[in-house]
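Engineer:
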Amino acid sequence: MQYQFDLEMKVRDYECDLQGIVNNANYQHYIEHTRHEFLLSRGVSFAELHNRGIDAVVARLNMAFKTPLHSGDRFLSRLAMRKEGIKYIFQQDIFRLNDQKPVIRATVEAVCLVQGRLGTCPELDELLLEHTTGEAENGKLTPDTD
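Per this note's numbering, the sequence shown starts with residue 22, numbered consecutively.
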């Protein structure tokens, strides 16, 4: 898989449960933070979109847990984005840095509400266009000839 964004993070003590591993709900925080940082790195502000009446919301989330993280572990949160119909699909994987073991594999389906109605977001569409244009220039994507 070709990732579009990487974010390194570290597990904090309070994110762990009685078993000494990261509580499962915190993985959702990690991947959400990664999506927001990805957007910011591309000049798209989640807050500014909201102020304009565009709200990207999670419609479906699927996480497969592979290897637990413990307090102090450093990890890499990776993201790839694509679009299927009106849905923006984020493939997000987390890897433990010290041994590169996969920690979770998540698929997040998001939709945009524009002024309260299902719609598309020009900024997100532009991110996808930039990514596919870059792939085409590198010979990784065959453009449609129809």
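Even glycine gets a Cβ: it sits at the ideal position worked out from N, Cα and C.
1. Looking at the structure shown, is Leu100 part of a helix, part of a strand, or coil, going by DSSP?
2. How many Å lie between Glu144 and Thr55 at the Cα?
3. Measuring only the C-alpha atoms, how far is Met30 from Tyr51?
4. Beta-carbon separation of Gly74 and Gln136 under 7 Å?
5. What is the DSSP secondary structure of Gln40, counted as helix, strand or coil?
6. Please tell me whether Leu149 and Val124 are closer than 7 Å, where the distance is taken between their beta carbons.
7. Helix, strand or coil: how does DSSP classify Tyr109 here?
8. Taking three-plus beta-carbon pairs below 8 Å as touching, is the region 77-87 in contact with the region 120-134?
9. Considering Thr128, what are the terminal residues of the beta strand (DSSP E) in which it resides?
10. Can you grab the Cα-Cα spacing for the pair Arg117 / Leu97, in whole Å?
11. Between which two residues does the beta strand (DSSP E) harbouring Asn119 extend?
Structural biologist: A quick look at the data gives this:
1. Along the sequence shown, one-based indexing puts residue 100 at 79. DSSP places Leu100 in strand when its eight states are reduced to three.
2. Here the question's residue 144 lines up with position 123 in the sequence shown. Here the question's residue 55 lines up with position 34 in the sequence shown. So the two alpha carbons sit approximately 17 Å from each other.
3. Position 9 of the sequence shown, counted from the start, is the residue given in the question as residue 30. Position 30 of the sequence shown, counted from the start, is the residue given in the question as residue 51. Using only the alpha carbons, I get a separation of about 8 Å.
4. Along the sequence shown, one-based indexing puts residue 74 at 53. Along the sequence shown, one-based indexing puts residue 136 at 115. It is a contact, given that the beta carbons lie within the stated cut-off.
5. Locating residue 40 in the sequence shown gives position 19, where the first residue counts as 1. Gln40: coil per DSSP, three-state reduction.
6. For the purposes of this step, residue 149 is taken as residue 128 along the sequence shown, with counting starting at 1. For the purposes of this step, residue 124 is taken as residue 103 along the sequence shown, with counting starting at 1. No, Cβ-Cβ distance for Leu149 and Val124 is not below 7 Å.
7. The residue given as residue 109 occupies position 88 in the sequence shown. Of the three classes helix, strand and coil, the one that applies to Tyr109 here is strand, per DSSP.
8. yes
9. One-based indexing of the sequence shown puts residue 128 at position 107. Pro123 to Val135 is the extent of the beta strand (DSSP E) around Thr128.
10. Numbered from its first residue, the sequence shown carries residue 117 at position 96. Numbered from its first residue, the sequence shown carries residue 97 at position 76. Cα to Cα, Arg117 sits roughly 6 Å from Leu97.
11. Numbered from 1 along the sequence shown, position 98 holds the residue referred to as residue 119. That residue, Asn119, is in no beta strand (DSSP E); it is neither H nor E in DSSP.
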